[in-house]
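Residue numbers (the UniProt record's numbering): 1 to 827.
See the structure below:
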């Protein structure tokens, strides 16, 4: 615009220099308007052109900027990728039990892997519609137990499954060789639990299947080469040529059938099997039996569509065992096939090695634990590492700038899972707890997991808190929980994992491990910045969890899912003025970890040390969150305890069940105050994350309250909410039972135990007090979890504060498996 005005001035000067007549003639040639009027009109037109141009430019810039904001939510963080080796680059972790949602299955760490797995049923007990066929880990199946007894995360695993009177044992061993991940063998053994039971001699039908993902390139076909049972041969880019063969190891095969077809998806394999079942007779006078239908391939243009799913059903009398071998075409010369006695001896070698490695890591024999307790601990660890999955797909995300959810980029995730039955997918805040135990067992596996998680960071520094990647993971998630919103956080527990690694393995950081931490550092900085900006409160130095629903009238206390503590009582009426003590403590921990990592890497750490010093300042924390009245740390917000769930009055227009659902009624107006009527886990966070000064009177008060049976103390651990709290064991809606309102949770009890251990070895006036409570709490947690495992067959999501019994979902061998670290005092 300045350049245009300058050209107009120059043009006017030239006109004067060329003479008056020429200028006059040029101006008057348009008509009778004098030259000055024409110049004025031209100036006004030019002004409006510039004005309109500026508006158009502003609109275009605004639209462009809005488009930029829309795309930020699904734009990857722009820096070096964390995962630099995957798939066949790490052959020892190429194949694995990376399908935690099924009772037994193997796949590779390829985005579109060939998958294999097991289904089974007992013909005499099969019900109409296929009820009784086992495949997905389902609580509704009512299995008495299924658990990995030993699993090293890489080479082998042994699992035990109790299904009614029957005992199944599934095991696998891998053998490296060639260019495509080597070979493996699976053994499936079926017997009865009680040798005198009449069920001995019953038949079992084992269905071993092989399937291709809908995006997999390659082919599979049926084959009997090298075995009398129907196997598979195939070829994929990741595996090259391969064969899968089935061998009867013990017992007698009564019948064999197969299915070769096109399945609509990996999430519908069981349904595909059920739809193909047929009744058939081996002989004219023989009874009919259920068999697979053989080849069921659709045709296109007269040509059969190649199969993507092949299943072999082998029926035998119990006791019965089947070996399944996968052999890679590129393996080279084999001395023997990993089957029969060779497999038995190889598996035994791995088991002996596992026992020794477990003792060298956790020292439980040295600590005086008995065989039964060590067996439990091995199971807990094995279910953690045996539950690690490999997922590939696209998350669904949304920001305030997108009208509808949009797809994240396609990505892989190598991660532990909280529960194979209920949560067979990655959860951000769970994984930080998982990582402590996994790192203790295999540091490289944990660093690999961290790399995969931080490659899911977007340009804003946000990581979606729940990862639902691929059709198998998506099949287990209700629609309402699929979309992830970029305003919503989750506790940054990976900083706990990193603290643990820096504290225990600083001297074991090889060049490759050190390089991972260097690549990780800028992403941790971005993550920290995202927390420090998006979750900040209105007052300086305060924080709040975004995502609470301030409009709901269904919940007694609106949930705070982003905190990880779901229905734990917060301010009754969410507003922007809230401040939450737990997230303040999490960010303080994050700053401390970043400072320590920066020092290790030779980076500037000053600002993180300063941030930690500020957020851990006990006087400032007391000013914002300490209640002089209740003598506890508490949230602040718009709150009243006088709320209740009431059924609306019936009117002629409210005769539908939806209108009759209970709603929250506020009996007394809320006010801005500390939420100090509720004492529980949130109140403990300055203690749990070790922010309290060792000589603080607040530490003394916290220790007294922890040990008070009327508040949090039980014979099984610390309850989540004190018995004196108004919402203790109250339902949040008429459909939602109490979740974090009384039951014991092992992850928070673990934090409490290691905090007590910290204060027991740190000089201060309350050192002996912390030592005594530490020993008692640790003993209570360990004894109860082991007792409940042997009485129920499972490790649980939570435990009753009155009986110690397990509740919630099962098996829950995510953070509940941290009991192993408590047993070994491996902090």
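Backbone N, C-alpha and C define an ideal beta-carbon position, used for all residues, glycine too. These numbers were taken from a predicted model, which means no experiment stands behind them.
Problem - CB contact flag (residue 413, residue 452, <8 Å) - result: The Cβ-Cβ distance between residue 413 and residue 452 falls below 8 Å.
Handout entry: Cα-Cα separation, residue 387 to residue 696
Key = Annotation: residue 387 to residue 696 spans about 42 Å, alpha carbon to alpha carbon.
Handout entry: Inter-residue Cα distance where the pair is residue 193 and residue 690
Key = About 48 Å.
Problem - For residue 323, the nearest candidate out of 404, 587, 344 (CA to CA) - result: Checked all of 404, 587, 344; the closest Cα to residue 323 is 344.
Practice task
Only counting runs of 3 or more residues, tell me where the beta strand (DSSP E) segments fall wholly within the segment 386–459, in order along the chain.
Solution key: You should have 389–393, 396–398, 411–415.
Exercise for the section: On the DSSP bridge assignment, give the partners of residue 245 in chain order. Expected result: DSSP lists 325 as partners of residue 245.
Handout entry: Terminal residues of the alpha helix (DSSP H) in which residue 646 lies
Key = That residue, residue 646, is in no alpha helix (DSSP H); its beta strand (DSSP E) goes 643–646.
Exercise for the section: Spatial neighbours of residue 124 within its chain, please: CB distance less than 8 Å, with the 5 preceding and 5 following residues excluded, ordered by chain position. Expected result: Within the same chain, residue 124 has close Cβ partners 202, 203.
Exercise for the section: Taking residue 796 as part of the alpha helix (DSSP H), name the residues at either end of that continuous run. Expected result: DSSP places residue 796 outside any alpha helix (DSSP H), giving it a letter other than H or E.
Exercise for the section: Would you please verify whether the beta carbon of residue 156 is less than 8 Å from any beta carbon of chain E? Expected result: In the structure shown, chain E does not exist; there is a single protein chain.
Problem - Integer-rounded CB distance, given that residue 397 should sit under 8 Å from residue 405 - result: Their Cβ separation, rounded to whole angstroms, is 6 Å, which keeps residue 405 and residue 397 in contact under 8 Å.
Practice task
Would you list the residues sitting across from residue 682 in a DSSP beta bridge?
Solution key: None; residue 682 has no bridge partner.
Handout entry: Local Cβ density within 10 Å of residue 644, reported as buried at 16 or more and exposed below that
Key = That one is exposed.
Practice task
Let me know if residue 44 comes out buried or exposed under the rule of 16 or more other beta-carbons within 10 Å of its beta-carbon.
Solution key: Exposed, because fewer than 16 other Cβ atoms sit within 10 Å of the Cβ of residue 44.
Practice task
Please go through the same chain and pick out, in chain order, the residues whose beta-carbon is closer than 6 Å to the beta-carbon of residue 256, but skip the five residues on each side of it.
Solution key: 229, 314, listed in sequence order.
Practice task
Rank 668, 496, 546 by C-alpha distance to the C-alpha of residue 586 and give the top, closest one.
Solution key: Of 668, 496, 546, the residue nearest in Cα terms is 496.
Practice task
Go ahead and label residue 822 buried or exposed: buried means 16 or more other beta carbons lie within 10 angstroms of its beta carbon, across all protein chains shown.
Solution key: Residue 822 counts as buried, since at least 16 other C-beta atoms from the protein chains shown sit within 10 angstroms of its C-beta.
Exercise for the section: Determine the closest residue to residue 94 out of 669, 633, 182, 84, with distance taken between C-alpha atoms. Expected result: Among 669, 633, 182, 84, the Cα nearest to that of residue 94 belongs to 182.
Exercise for the section: Put residue 107 into one of helix, strand or coil per three-state DSSP. Expected result: The three-state secondary structure of residue 107, taken from DSSP, is strand.
Exercise for the section: Give me the Cβ distance between residue 556 and residue 732, rounded to the nearest whole Å; I'm assuming they're in contact under 8 Å. Expected result: The distance from the Cβ of residue 556 to that of residue 732 is about 5 Å, consistent with a contact at the 8 Å cut-off.
Exercise for the section: Work out the CA separation of residue 159 and residue 320 for me, nearest whole Å. Expected result: Rounded to whole angstroms, residue 320 to residue 159 spans 16 Å at the Cα level.
Problem - Residues of its chain near residue 139, where Cβ-Cβ distance is below 8 Å and the 5 sequence neighbours each way are ignored - result: Cβ contact annotation for residue 139 (same chain, cutoff 8 Å, sequence separation greater than five): 421, 422, 809, 810, in chain order.
Problem - residue 135 versus residue 209 - alpha carbon distance - result: Residue 209 has its alpha-carbon roughly 11 Å from the corresponding atom of residue 135.
Practice task
Identify every residue that forms a DSSP beta bridge with residue 95.
Solution key: In DSSP, residue 95 forms a bridge with 108.
Exercise for the section: Specify the secondary structure class of residue 25 as computed by DSSP and reduced to three states. Expected result: Unreliable placement is indicated for residue 25, whose pLDDT of 38 sits below 50; the coordinate value is still reported in the next sentence. Residue state, collapsed to three classes: helix.
Exercise for the section: Return the bridge partner residues of residue 219 from the DSSP annotation. Expected result: Partner(s): 235.
Problem - C-beta atoms of residue 707 and residue 773 nearer than 8 Å - result: Yes, the Cβ-Cβ distance between residue 707 and residue 773 is below 8 Å.
Practice task
Count the other C-beta atoms from every protein chain shown that fall within 10 angstroms of the C-beta of residue 78, then say buried if there are 16 or more, exposed otherwise.
Solution key: By the neighbour-count criterion, in which a residue is buried when 16 or more other Cβ atoms sit within 10 angstroms of its Cβ, residue 78 is exposed.
Exercise for the section: Verify whether the separation of the beta carbon atoms of residue 391 and residue 469 is less than 8 Å. Expected result: Between residue 391 and residue 469, the gap from beta carbon to beta carbon is short of 8 Å.
Exercise for the section: From the DSSP output, in three-state form, read off residue 703 for me. Expected result: Looking at residue 703 - three-state DSSP - the assignment turns out to be helix.
Handout entry: Stretch pair the segment 205–222 + the segment 339–353: three plus CB contacts closer than 8 Å
Key = Verdict: no, contact absent.
Practice task
Please list, in chain order, all residues of the same chain as residue 519 whose beta carbon is under 6 Å from its beta carbon, the five residues on each side excluded.
Solution key: Short of 6 Å from the beta carbon of residue 519, and not among the five residues preceding or following it, lie these beta carbons of its own chain, in chain order: 80, 82.
Problem - Three-pair Cβ contact test at 8 Å for the segment 148–168 versus the segment 280–298 - result: Contact between the segment 148–168 and the segment 280–298 is absent, because fewer than three Cβ pairs lie under 8 Å.
Problem - Under the three-state DSSP convention, the category residue 740 falls into - result: Residue 740 sits in coil when the DSSP states are folded into three classes, being neither helix nor strand.
Handout entry: Residue burial classification, residue 596 (beta-carbon count within 10 angstroms, cutoff 16)
Key = So residue 596 ends up on the buried side.
Handout entry: Close beta carbons around residue 365, own chain, < 8 Å, minus the five adjacent residues each side
Key = Counting only residues of its own chain and dropping the five nearest sequence neighbours on each side, residue 365 has a CB closer than 8 Å to the CB of 359, 374.
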